[in-house]
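A.B. asks: A single structure is presented below for examination.
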Amino acid sequence: MLAENDRVVLNRIQADSAEPVARRVFRELRGAIVAMKFRPGQAISEQDIADQLGVSRQPVREAFIKLSEAGLLSIRPQRGSFIVKISVRQVFDARFVREAVELAVVRRAVAEMKGRDIDLLRDNLRAQSNAAEDRDHGRFLELDERFHRDIALHVGCEYAWRVVEETKAQMDRVRYLSLPDATPLTLLIGQHQAIVDAIAGRDADKAEAAMRLHLQEILTSLPQLATRFPDLFADDLAL
């Protein structure tokens with residue numbers, strides 16, 4: 029996580045893409061915020077971001093608006109723009125939505141997922157283990173994200189996954205904070221393994237129970253993190 033006075037290094041936006049510049053700026057900034065590269069409460073400026081990314085201020089302004097709508101940035105006229113602190117209430121709300129969607133998705137996976145797609149999930153698990161051994165937490169979280177996304181996409185639930193993606197930014201910030209102290213990687217990998225085994229065994233009840241246990245892990249780490257990093261959390265819900 030970023031120290032108080034460190035400068036965030038962002039990837040410059042390349043011009044050779046069909047994707048709108050504002051969308052790429054949004055993705056770059058959202059990724060940096062979720063990965064806790066920007067400290068909650070930190071001020072950021074359109075001009076500084078534009079200079080770092082090598083773009084004009086207009087797409088940055090558009091990206092700031094989208095980040096504000098996503099609950100990650102507070103834009104205060106005449107005062108500036110600030111990274112929003114982690115909302116405990118929004119973490120709980122996002123976990124509720126995510127659990128509802130992913131429990132339904134995993135039951136569908138038990139009924140519909142093909143053997144070759146299950147093999148891909150097992151490949152992902154091996155890569156997770158390698159990332160854990162290397163203590164590469166960023167890589168592990170990328171693989172974790174892909175694991176859940178692939179379960180949804182392999183059974184035709186693309187829209188359902190988009191709903192999850194749009195609601196879980198606050199959860200993702202907590203996930204970055206939690207590794208490895210509050211939540212050991214080996215614990216998460218074991219939970220992923222249980223999900224895959226239940227899908228492969230065509231046991232819908234076991235798959236649902238394994239997914240529920242996994243998604244509730246954040247309820248254990250969240251109070252620890254809010255106590256350890258009180259300045260990073262909004263005081264919007266008692267734990």
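Going by the working numbering, the first residue of the sequence shown is number 29, and it counts up by one from there. Cβ coordinates follow ideal geometry from the N, Cα and C atoms, glycine included.
If Ser115 sits next to Ala235, beta carbons under 8 Å apart, how far is it from one beta carbon to the other, in whole angstroms?
C.D. replies: No, Ser115 and Ala235 are not in contact; Cβ-Cβ is about 30 Å, not under 8 Å.
A.B. asks: Please return the same chain residues whose Cβ sits closer than 8 Å to the Cβ of Glu245, not counting the five positions on each side in sequence.
C.D. replies: Here the set comprises Thr211, Leu215, Leu216 and Gln219.
A.B. asks: Would you tell me roughly how many angstroms separate the C-alpha atoms of Val83 and Glu170, rounded to the nearest one?
C.D. replies: One C-alpha to the other measures close to 27 Å.
A.B. asks: Run the CB neighbour count on Ala31, radius 10 Å, all protein chains shown included, and call it buried at 16 or more, exposed below.
C.D. replies: Residue placement at Ala31 is flagged as unreliable, the pLDDT there being 47, under the threshold of 50; the coordinate-derived value follows with that caveat. Label assigned to Ala31: exposed.
A.B. asks: Quick one: Cα of Asp209 to Cα of Ile72, how far?
C.D. replies: The straight-line gap from Cα to Cα measures roughly 29 Å.
A.B. asks: Does the separation of the CB atoms of Pro68 and Leu250 fall below 9 Å?
C.D. replies: No, these two residues do not count as a Cβ contact at 9 Å.
A.B. asks: Would you kindly work out how many angstroms separate the C-alpha atoms of Asn33 and Thr195, rounded to a whole number?
C.D. replies: Its pLDDT being 49, under 50, Asn33 is placed unreliably in this model, and the value from its coordinates should be taken loosely. If I take the Cα positions, the gap works out to 29 Å.
A.B. asks: Does the distance from the C-beta atom of Ala137 to that of Val183 stay below 9 Å?
C.D. replies: Yes, these two residues count as a Cβ contact at 9 Å.
A.B. asks: Could you tell me which residues DSSP puts in a beta bridge with Ala46?
C.D. replies: Its beta-bridge partners do not exist; DSSP assigns none.
A.B. asks: Does Val133 pass the burial test, meaning 16 or more other C-beta atoms within 10 Å, or should it be called exposed?
C.D. replies: Classification for Val133: buried.
A.B. asks: Taking Cβ to Cβ, would you say Arg58 is nearer than 9 Å to Glu74?
C.D. replies: Not a contact, by the Cβ cut-off of 9 Å.
A.B. asks: Using DSSP's beta-bridge definition, name the partner residues of Ala71.
C.D. replies: Phe110, per the DSSP bridge assignment.
A.B. asks: Is Ile103 helix, strand or coil by DSSP?
C.D. replies: In this structure, Ile103 counts as strand in the three-state DSSP scheme.
A.B. asks: Specify, as a first and last residue, the run of the alpha helix (DSSP H) that Gly143 falls within.
C.D. replies: Start and end: Gly143 to Glu161.
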